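There are 2 protein chains.
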Amino acid sequence: MIILVALVAAIVFLVIFNIWIKSKKTGNKSMNDFSKKIREGSKTFLKIEHNVLWILILGISLIILLFSYAFAITFFFGALLSLVIGRVGMDVATKANVLTVVASKKSVHSGMKIAYLSGLRVSIFAMFFGLIAIIILQSLFGDPKILYGFAFGASLVALFMRVGGGIFTKSADLSADLTGKIEKGLPEDSPKNPAVIADLVGDNVGDVAGMSSDLFESYVASIIATMVLLSALGMNIFVPLTLAAIGIISCLVSILVVQQKRIYSVLDSLLVAGIFILGLSYLFLNSFFMPILYGLVGGVLIGFSVFYFTSIKFAPTKRIAKAAESGAALNVLAGLSNGLLSTIVPVIVISLVMVLSYYFLGLLGIAISAVSMLSITGVVLASTIFGSITDNAAGIAELSGSKKAKINSSKLDSLGNTTAAIGKGFTISSAALTVLTLLASFIVIAEINVIDILQIENMAALFIGGFIPFLFSSLVIGAVGRTSSKIVANVRSQFKSGKLDYNAPIEIATKNSIREMLISVLIVIVLVFAVGSLLGSAVLGSLIAGAVVSAFLLSIFMANAGGSLDNAKKLIEETRYGSVVHKASVVGDGVGDSLKDAAGPALNILIKLIAIISLLFVLLM
Amino acid sequence: MIILVALVAAIVFLVIFNIWIKSKKTGNKSMNDFSKKIREGSKTFLKIEHNVLWILILGISLIILLFSYAFAITFFFGALLSLVIGRVGMDVATKANVLTVVASKKSVHSGMKIAYLSGLRVSIFAMFFGLIAIIILQSLFGDPKILYGFAFGASLVALFMRVGGGIFTKSADLSADLTGKIEKGLPEDSPKNPAVIADLVGDNVGDVAGMSSDLFESYVASIIATMVLLSALGMNIFVPLTLAAIGIISCLVSILVVQQKRIYSVLDSLLVAGIFILGLSYLFLNSFFMPILYGLVGGVLIGFSVFYFTSIKFAPTKRIAKAAESGAALNVLAGLSNGLLSTIVPVIVISLVMVLSYYFLGLLGIAISAVSMLSITGVVLASTIFGSITDNAAGIAELSGSKKAKINSSKLDSLGNTTAAIGKGFTISSAALTVLTLLASFIVIAEINVIDILQIENMAALFIGGFIPFLFSSLVIGAVGRTSSKIVANVRSQFKSGKLDYNAPIEIATKNSIREMLISVLIVIVLVFAVGSLLGSAVLGSLIAGAVVSAFLLSIFMANAGGSLDNAKKLIEETRYGSVVHKASVVGDGVGDSLKDAAGPALNILIKLIAIISLLFVLLM
């Protein structure tokens, strides 16, 4: 019943939003020109990306077909839906950016509403179709285990969108900063910088398409894994779906916050949606209330801790900005040190959520806490897309030279940065819980009772598992560096020749990121398959454990080191733009950006993919 | 018998060396002046360090006395011997530096001989007294378990010497580079740079005193752990002592390499000593030959891989130097990416050594392979100290303005850098094997049969264990940053006032590093004790496993990222000193240095300390 209510509510919201957004005024010619360039750049990326992905998806579908037609079908639909969500997200976001600029001319609040509701439009769309697809596929096949094909499809596309997108966005951003800001002393988003459109496209590619497919995957994977556990225990498999439905309703309630408050605060939205989820769960899912509480409170606590470690309001980021006064090296070191330290809250919270949920309901408790943490996805994803839209809006305002819009868009942009950082912390933690849930499902399906690390193969697998995220980070960071070098060379030659070509950097970034990504992904898949098929499922379980611990710590370290270095730069920009200290902080930001937007997020997806491939391995072999 | 031969050989070498080194000519007044300044600076550091340590050692001895007088005694002697070795190392190295300068005026080969043999003098001294102490204490107490007190003492002092030394050396180095090289454009080791003496002192503090106590600790801990395993199995506990004795003899044989070859090559020495160890082991320890082979070959392979990933001769470091052309951020990213990737060989080698040794002899096999890897310590430590002496020699030649000596000393210096990097890779791998050996001993003593990571407490402990190295790295890197900022401020004010005071930076570095180190160490010890006493020994075992996997990967990443960034800078310096590209690479070196010389090595000691404290916890509680 509550599922039905949620689905209807989602449809009503989507319809009303579409009517409302069409009523909004569009920008002047200059704004629309730049917005159009961003849209076209985004489409270029998606087109090339989709060409490669379709070949891969069809190929893998055929391979799975050799083992099971059901898995092949669910895999295909998982991949398809993930692609659609990424595309819709890009579409909504690249339309909303110029509307946000125009609305911010009137007031910050009007701009904010457009940016947040557009984000919510994407996240509700994703949650709605995720829920529908799971219900339909479950009623078709009658066994939740088959739905792991769906999760695998979503996972594979997410890996490509997020990692490829991450490489694209960071190499574009880095090159724009290096050439424009440092070498030529141009301001951020200057129209004289040939890489500036690629940079703005990158925000949509990485944070909208990539993030949507990332969270979508965690969302469906944790729901499916919980259904598998419930079905093995002979319990009602609709529990996680009900919880997800409660999540959709509660996230819609967060609209009220945006209506009421003048300045958008992601923490307020999280709190309101969270309290609603708890209230409704208490009424409708009373016997699962404790793990739901743990998961949700855990998620919000981790969000707060990320806020503390990366916001310019608090000591850590201020210290990093201060360190820039002694040069770029100390700035980078301060950021790395802060990132390493920032793992403290997430690691303690995840350990507690894990242990407490387990004591309450066993492995099922952990699964429920994961779904609970993800039930708030709507707000998190909306906030991240909010960040991307406002970033684009500030860019368009700057490019088209509109003063009033520029000031208000900048205010929105700096709000957006913090929300994006909180989104990242949340994504990583939910990914870790999702992987533990998948691991729980894995040991149930593979009928493993013990993974004893005193068995030497398991100990070795811990080392190898721990190593995979290091390898993957290296490949992704290396890819950003290599792609940036190529864009930098192109931009420099443009500066020399005096001709301005916004498109060249976009094409370089797209082609290189896709090639680099294909290599990275293939290496990792082959590695996992080799270990899995040679050494069996207990060793595979140990490998997953090693990978999840290592990826969890590394990705939080990278996300927060990057987030705080980025914001330290912003803090310095406020008063000392163009100074030596500012230049030092741009170096720090350049290092941090690749860590936080490319390597860090890539690890979430990596561990989920490893876990899901391992599951398929057990199910199909 | 072979133990006796080794001890006699060691004494003969030490006596002959002392006579030989006294016959060497000392330098002119200017050289001796600078050498004296370095000696005095080193002594300042050791004096303050020892004052703090004595209070701590006596305090802990008294606490242990409450539980067991035997452990208190062995603890005290372990700490004492480690202090003595650090002091002797500093003494030998700070005397050898000026002798090396004078000898290099004649030829590179003469300088090289003095530097290497002085290093060997320290390492043979450490191995000799380690062996003697273990034999005496074992015959006094009759139970190798009691000797864990000895290992704990060595471990605690090593932590202080290595971490405090690391913070000292890197903050001095970083400040000297930042102020002198970047801001003032002075060459390396310019006498006009007030932080230059602190930088040269730092090489002795970190690489001589710190490294000696680090390897000494691995050496005695792995021998003792193997004795405990042998005694539990009712086998001859003198096996690891015999292997260590074979190691001493074989390391002395490496002198022949230095006599014969014009240019010192650490790989040649390792190969010669390694082949000798294998030959003698085949004769005298035939039934343990396979694990000895695995450990030794593994150690040498890891050494080679470090060489590949950090030497200017190969692609990785060349790529990093190339990346510096696109700015400091891409330079740092290329270094980080390279460091992350470089974990690949060590992780595969350690996994294989572990599994193969286990199949041959069970847990004992792993222990024997650890002792085998460490039997070559003499060459590794000598090579590292060689690096430190030649670095100092180049500094003194530059400071005193002697042309011929300067050219030859520089050649030695660049040789020394590679040997130091190989030493680091080796130290980390041997530390990982030592910890696994300690873990093996731990599970035997605590009578644990299974550590099942599907038990939720154990899974949580994996996360917490994996987190500890992140926390510790953060504290150490943060300490380097904070200390550097203070030195930079001091040097800048010296530049302003025009007065030159070499001593102020040394005092700032010493006091700050000791304070930072005390805090770091206390936090970690309390954390481990809290988890250990609240949750019991299986959980503690899981915690150690999480910590060793995480520390192993992180420290290799940091060591090689730093090593390659450092050498990339050197490569650029060869042809483009003072250029924009060079300045970018100095930023990369500044980041890399703290990773490779402070945080990375600190993690080795950290995990050994965690393992030994856990062992004492089981033995005493």
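Respectively, the protein sequence lines represent chains P and F.
Quick note: the first sequence uses the working numbering, first residue 1, plus one each step.
Quick note: the second sequence uses the working numbering, first residue 1001, plus one each step.
Glycine residues also receive a C-beta, built at the ideal position from the N, C-alpha and C atoms.
Quick caveat, the model's predicted, so the values are computed rather than measured.
message = So F:Thr1343 contacts chain C; which residues on that side make the cut at Cβ distance below 8 Å?
response = The structure shown contains no chain C; its protein chains are P and F.
ask   = Between P:Phe557 and F:Val1549, is the Cβ-Cβ spacing less than 9 Å?
value = no
query = Can you list, in chain order, the stretches of the alpha helix (DSSP H) that have 4 or more residues and sit fully within the stretch 1051-1127 of chain F?
reply = 1069-1106
key: Sequence-distant residues of the same chain with beta carbon closer than 6 Å to F:Leu1620, five excluded per side   = Phe1067
task = Indicate whether P:Lys181 and P:Val480 have their beta-carbon atoms separated by less than 9 Å.
result = no
ask   = Taking Cβ positions only, does P:Lys290 come closer than 9 Å to chain F?
value = Note that residue 290 of chain P is Met in the sequence shown here, rather than Lys. Answer no: the Cβ-Cβ gap between P:Met290 and chain F never drops below 9 Å.
ask   = Among P:Phe13, P:Val196, P:Ala245, which residue has its Cα nearest to the Cα of P:Ser400?
value = P:Val196
ask   = Identify the residues that DSSP records as bridge partners of F:Asp1452: which are they?
value = P:Asp452
task = From the DSSP output, in three-state form, read off P:Met31 for me.
result = helix
task = Indicate whether P:Lys596 and P:Ala421 have their beta-carbon atoms separated by less than 9 Å.
result = yes
task = Return the chain-ordered list of same chain residues with a C-beta closer than 6 Å to the C-beta of P:Ser104, the five sequence neighbours on each side being excluded.
result = Gly111, Ala405, Asn408, Ser409
inquiry  = Am I right that P:Met31 and P:Val98 are in contact with their C-beta atoms under 8 Å? What's the rounded C-beta distance?
reply    = 5 Å
request  = Can you say whether F:Glu1457 is buried or exposed, counting buried as having 16 or more other CB atoms within 10 angstroms of its CB?
outcome  = buried
key: Contact check, F:Ser1473 vs F:Leu1554, beta carbons under 9 Å   = yes
message = By the three-class DSSP mapping on this structure, what secondary structure does F:Lys1318 have?
response = helix
inquiry  = Within a Cβ cutoff of 6 Å, which residues of the same chain sit near F:Leu1609, ignoring the five residues on either side of it in sequence?
reply    = Ser1155, Leu1159
message = For the alpha helix (DSSP H) containing P:Asp566, name the first residue and the last one.
response = 537-576
task = Determine the contact status of F:Val1587 and P:Val587, defining contact as a CB-CB distance below 9 Å.
result = yes
task = Would you tell me roughly how many angstroms separate the C-alpha atoms of F:Gln1138 and F:Ala1072, rounded to the nearest one?
result = 15 Å
query = Measuring CA to CA, which of F:Ile1396, F:Ala1172, F:Ile1275, F:Met1354 is closest to F:Asp1189?
reply = F:Ile1396
ask   = For F:Ser1250, which three-state DSSP category applies?
value = helix
query = Quick one: is F:Glu1457 near chain P, going by C-beta distance under 9 Å?
reply = yes
ask   = When the distance is taken between beta carbons, is F:Thr1179 closer than 9 Å to F:Val1488?
value = yes
task = Spatial neighbours of P:Val102 within its chain, please: CB distance less than 6 Å, with the 5 preceding and 5 following residues excluded, ordered by chain position.
result = Lys25, Gly27
query = Can you check whether the CB of F:Gly1387 is closer than 9 Å to the CB of F:Gly1423?
reply = yes
task = Would you list, in chain order, the members of the stretch 175-204 of chain P that have their beta-carbon closer than 7 Å to a beta-carbon of chain F?
result = Leu178, Ile182
task = Please classify F:Asp1459: does DSSP put it in a helix, a strand, or coil?
result = Sequence inspection shows Met at residue 1459 of chain F; the Asp mentioned does not correspond to that position. Note: F:Met1459 maps to helix in three-state DSSP.
ask   = Going along the chain, which unbroken runs of the alpha helix (DSSP H) with 4 or more residues stay wholly within the stretch 350-408 of chain P?
value = 363-374, 377-400
query = What residue ranges within the stretch 451-532 of chain P form continuous alpha helix (DSSP H) runs of no fewer than 4 residues, ordered along the chain?
reply = 456-497
request  = Name the residue from F:Val1239, F:Gly1210, F:Pro1191 whose alpha carbon lies nearest to the alpha carbon of F:Met1161.
outcome  = F:Gly1210
task = Taking C-beta pairs closer than 9 Å, name the residues in chain P that F:Ile1443 reaches, listed in chain order.
result = Leu454
ask   = Using a beta-carbon distance below 9 Å, is F:Leu1462 in contact with chain P?
value = yes
ask   = Is the beta carbon of F:Phe1077 sitting closer than 9 Å to the one on F:Gly1142?
value = no
query = To which residues of the same chain is P:Ile167 closer than 7 Å at the C-beta, ignoring the five residues directly before and after it?
reply = Val476, Ala479, Val480, Thr483, Ser513, Glu516, Met517, Ala598
ask   = Just by C-beta distance, which residues in the stretch 549-572 of chain P are closer than 8 Å to chain F?
value = Val549, Ser550, Phe552, Leu553, Phe557
key: Three-state class that DSSP yields for F:Asp1143 in the structure shown   = coil
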